[in-house]
């Protein structure tokens, strides 16, 4: 308990808006739909090697106003310690900068620093304090030197329900070597049925097997086990390797839709979509829910003309009676309504009517945009 209280006290002054704000901007007044959360497994840190921190700092970019949080996973004492919370990245969109400039009178413009210069100053302060927070991991490492972890990262993350809100698209980055003996159950495939609260998050895990303890075959078993565990918890695993690879996707926005699915016999079921879009109008880390059937991962794209937008989505797994590779083709009727069908590719799935006729399996779907259904 001594460590817990010590660090909560040490980090308390960093968990405020003044963390990065030297100007008049309230960066947290409106935040984008994405939030980045960084978890650091202190049992994986070599105190003579800070490459884990350098890699995070060099490869991670943030959106204007994006919420950024950092936590230390203390597998020695079975606790997760706050490092930085409720901090928003000090940047404004081009439209926000234009509005800010327009709101300033001629006199205030003369006496006030240029907006871009103020933002750059805040960003330098953010980067400096971010490095300071990450360096505190070494204190925990030194406090627990010589001890053996009594838990593992995934077990502790299962208690993190309060950290996650489905109103955000959560980008979760985890540094862990996954080498300590408490992962043996994962290595043999007999892992316990963990309920992880990171649902609908995109997860990037790096530092895996950094000490080369695992053979290639054991590493493959571990990879498949972790991937399967996260998949069953409706989590997208986008990176599980030694190095951090955040990919080339640029987040554009999160939209959720709620509606009805109707089969050929007129039976209806509640259906929902959670679509995460990049700047190229591609959907990633997205999900579809059908009442009494469950969730299924989907990918696809959107094409817009002057008249309307069409959505082409594909199921990534079976969701009986829906099948992997089934297509969801939708048309945006107006800003708040989608309509279309779910069909099998190339008429692959058919049913037989009472008269013996084979017909394609088709489900009609309709959606209304709904922020309240952010599942």
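In this note's numbering, the protein residues as written are 30 to 404. We put the beta carbon where it would ideally sit given N, CA and C, even for glycine.
Residue i to residue j span [Cα, whole Å]
{"i": "residue 218", "j": "residue 251", "result": "Bear in mind that the predicted position of residue 218 carries a pLDDT of just 49, short of 50, making it too unreliable to give a figure here."}
{"i": "residue 151", "j": "residue 119", "result": "6 Å"}
{"i": "residue 156", "j": "residue 90", "result": "11 Å"}
{"i": "residue 274", "j": "residue 295", "result": "46 Å"}
{"i": "residue 235", "j": "residue 225", "result": "19 Å"}
{"i": "residue 58", "j": "residue 374", "result": "45 Å"}
{"i": "residue 125", "j": "residue 144", "result": "11 Å"}
{"i": "residue 81", "j": "residue 130", "result": "39 Å"}
{"i": "residue 301", "j": "residue 321", "result": "12 Å"}
{"i": "residue 293", "j": "residue 395", "result": "15 Å"}
{"i": "residue 361", "j": "residue 367", "result": "5 Å"}
{"i": "residue 405", "j": "residue 353", "result": "Residue 405 lies beyond the stretch modelled for the chain, which goes from 30 to 404, so this question has no answer here."}
{"i": "residue 60", "j": "residue 93", "result": "8 Å"}
{"i": "residue 243", "j": "residue 351", "result": "38 Å"}
{"i": "residue 140", "j": "residue 54", "result": "The pLDDT assigned to residue 140 is 47, lower than 50, so where the model puts this residue is not dependable, and the model offers no usable value."}
{"i": "residue 178", "j": "residue 69", "result": "14 Å"}
{"i": "residue 83", "j": "residue 159", "result": "11 Å"}
{"i": "residue 222", "j": "residue 241", "result": "27 Å"}
{"i": "residue 369", "j": "residue 133", "result": "47 Å"}
Beta carbon of residue i nearer than 9 Å to that of residue j
{"i": "residue 12", "j": "residue 198", "result": "Because the chain spans 30 through 404 in this model, residue 12 falls outside it and cannot be assessed."}
{"i": "residue 232", "j": "residue 201", "result": "yes"}
{"i": "residue 163", "j": "residue 85", "result": "yes"}
{"i": "residue 278", "j": "residue 62", "result": "no"}
{"i": "residue 103", "j": "residue 71", "result": "yes"}
{"i": "residue 98", "j": "residue 176", "result": "no"}
{"i": "residue 282", "j": "residue 305", "result": "yes"}
{"i": "residue 317", "j": "residue 342", "result": "yes"}
{"i": "residue 390", "j": "residue 348", "result": "no"}
{"i": "residue 355", "j": "residue 332", "result": "no"}
{"i": "residue 249", "j": "residue 167", "result": "no"}
{"i": "residue 265", "j": "residue 258", "result": "no"}
Below-9 Å beta-carbon distance, residue i vs any chain B residue
{"i": "residue 67", "result": "Any reference to chain B falls outside this structure, which holds one protein chain only."}
Nearest-angstrom Cβ-Cβ length linking residue i and residue j, presumed shorter than 8 Å
{"i": "residue 324", "j": "residue 263", "result": "5 Å"}
{"i": "residue 105", "j": "residue 173", "result": "4 Å"}
{"i": "residue 400", "j": "residue 285", "result": "7 Å"}
{"i": "residue 148", "j": "residue 121", "result": "6 Å"}
{"i": "residue 393", "j": "residue 291", "result": "5 Å"}
{"i": "residue 95", "j": "residue 65", "result": "6 Å"}
{"i": "residue 253", "j": "residue 180", "result": "Actually they are not in contact, since the Cβ atoms of residue 253 and residue 180 sit about 22 Å apart, beyond 8 Å."}
Beta-ladder partner(s) of residue i, from DSSP
{"i": "residue 319", "result": "300 and 323"}
{"i": "residue 56", "result": "DSSP output for residue 56 lists no bridge partner at all."}
{"i": "residue 133", "result": "For residue 133, which the question treats as bridged, DSSP gives no partner whatsoever."}
{"i": "residue 328", "result": "343"}
{"i": "residue 63", "result": "198"}
{"i": "residue 291", "result": "297 and 393"}
{"i": "residue 311", "result": "330"}
{"i": "residue 370", "result": "358 and 393"}
{"i": "residue 146", "result": "Answer is none; residue 146 lacks a bridge partner."}
{"i": "residue 351", "result": "348"}
{"i": "residue 204", "result": "69 and 235"}
{"i": "residue 286", "result": "302 and 398"}
{"i": "residue 75", "result": "None; residue 75 has no bridge partner."}
{"i": "residue 270", "result": "235"}
{"i": "residue 96", "result": "64 and 117"}
Closer than 8 Å: residue i CB and nearest the ligand ATP heavy atom
{"i": "residue 371", "result": "Although the ligand ATP was asked about, the structure shown includes no ligands whatsoever."}
*With a cut-off of 8 Å, do at least 3 Cβ pairs link the stretch 306-315 to the stretch 328-344?*
yes
*Could you tell me whether the stretch 100-119 touches the stretch 256-275, where touching means 3 or more Cβ pairs closer than 8 Å?*
no
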